[in-house]
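A.B. asks: Following this message is one structure expressed as structure tokens.
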Amino acid sequence: LEPKEEFQHSSLTADVMRPRRSDPPLAVLTQEGMTVEEVEALVESTHYSGFPVVVSQDSHRLVGFVLRRDLLISIDNARKRQEGVVGASQVVFTEHSPAPADDAPPPLRLRGIVDLSPFTVTDHTPMDITVDIFRKLGLRQCLVTHNGKLLGIITKKDILKHMANDCQQRPRLHPLQL
Ligand code: ATP
């Protein structure tokens, strides 16, 4: 995202973010209630670099963002080294959680790998502002919200693809005409 790259500034973040209408839903983790097996299945069934953590599937209130590689390393380490952690263990991204039932395996606490302040923009943010935020902060991805609820994600590559399409569709204007 070189500063001198030209970009037609008419679109909104909602036009560029994922998922699109035809895409599978946003892959999210809930802060409590998923098992190690369920988290592993989610990670392995996708290739995404990261996953938003939400309070619940219903609320989609954002808690933070976890990188795929941190999740995989932490789960792998815990399965090898942390006594009692098995596929049925609960994965907990909260600070405090109710004590597990007597017969339940110990939970896997992963609060430490959550970025609790991921960058967010709203779906109505004009793309030129979103691009500026990516450039100035050197972001790889940014989460998209609507009325405080998590709606989607936008990556640097999504923006570059959008810019490439934009350039193909419209003749390039002289910079002074922008
Ligand atoms: P690449 O992996 O090729 O470098 P990328 O840099 O865009 O691509 P990824 O995280 O792999 O990064 O995202 C691939 C695509 O999936 C992007 O279009 C992105 O918006 C979307 N995406 C990323 N994370 C999620 C997610 N958790 N749920 C749904 N879609 C996602």
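Residue numbers (the numbering used here): 554 to 731. No residue lacks a Cβ here, since even glycine has one placed at the ideal position from N, Cα and C. Computed from a predicted structure; not experimentally measured.
Please report the straight-line C-alpha distance between M716 and V684, rounded to a whole angstrom.
C.D. replies: Approximately 10 Å between the Cα atoms of the pair.
A.B. asks: Here's the rule I'm using: 16 or more other beta-carbon atoms within 10 Å means buried, otherwise exposed. How should L696 be labelled?
C.D. replies: Result: buried.
A.B. asks: Starting from F618 and walking both ways along the beta strand (DSSP E), at which residues does that stretch end?
C.D. replies: Run containing F618: 615-620, per the beta strand (DSSP E) assignment.
A.B. asks: Check whether the Cβ of I706 lies closer than 7 Å to any heavy atom of the ligand ATP, and answer yes or no.
C.D. replies: At least one heavy atom of the ligand ATP is nearer than 7 Å to the Cβ of I706, so yes.
A.B. asks: The beta strand (DSSP E) that contains T673, what's its start and end?
C.D. replies: Looking at the DSSP string, the run of the beta strand (DSSP E) that includes T673 is 673-675.
A.B. asks: What are the residues that DSSP puts in a beta bridge with L565?
C.D. replies: According to DSSP, which records beta bridges pairwise, L565 is partnered with P679.
A.B. asks: Can you tell me whether L663 is helix, strand or coil according to DSSP?
C.D. replies: The answer is coil: DSSP assigns L663 none of H, G, I, E or B.
A.B. asks: For L625 and A641, I'd like the C-alpha separation in whole angstroms.
C.D. replies: So the alpha carbons of these two residues sit roughly 16 Å apart.
A.B. asks: Sorted by chain position, which residues of the same chain lie with C-beta nearer than 8 Å to L669's C-beta, five sequence neighbours on each side aside?
C.D. replies: Excluding residues within five positions, the ones whose Cβ falls inside 8 Å are V616, G617.
A.B. asks: Measure the beta-carbon distance from R571 to I706 and round it to whole angstroms, keeping in mind my assumption that it falls under 8 Å.
C.D. replies: Correct: roughly 6 Å between the Cβ atoms.
A.B. asks: Which residue comes first and which comes last in the beta strand (DSSP E) that contains L704?
C.D. replies: Per DSSP, L704 belongs to the beta strand (DSSP E) from 702-708.
A.B. asks: Out of curiosity, what's the CA-to-CA distance linking P577 and K702?
C.D. replies: Using only the alpha carbons, I get a separation of about 18 Å.
A.B. asks: Distance, Cα to Cα, G637 vs P659?
C.D. replies: Looking at the two C-alpha atoms, the distance is approximately 6 Å.
A.B. asks: Distance check for I666 and D656, CA to CA, integer angstroms please.
C.D. replies: Computed Cα separation, rounded: 27 Å.
A.B. asks: Using the three-state DSSP reduction, which class does M570 fall into: helix, strand or coil?
C.D. replies: DSSP places M570 in coil when its eight states are reduced to three.
A.B. asks: Please report the distance separating the alpha-carbon of Q643 from that of S602.
C.D. replies: Looking at the two C-alpha atoms, the distance is approximately 22 Å.
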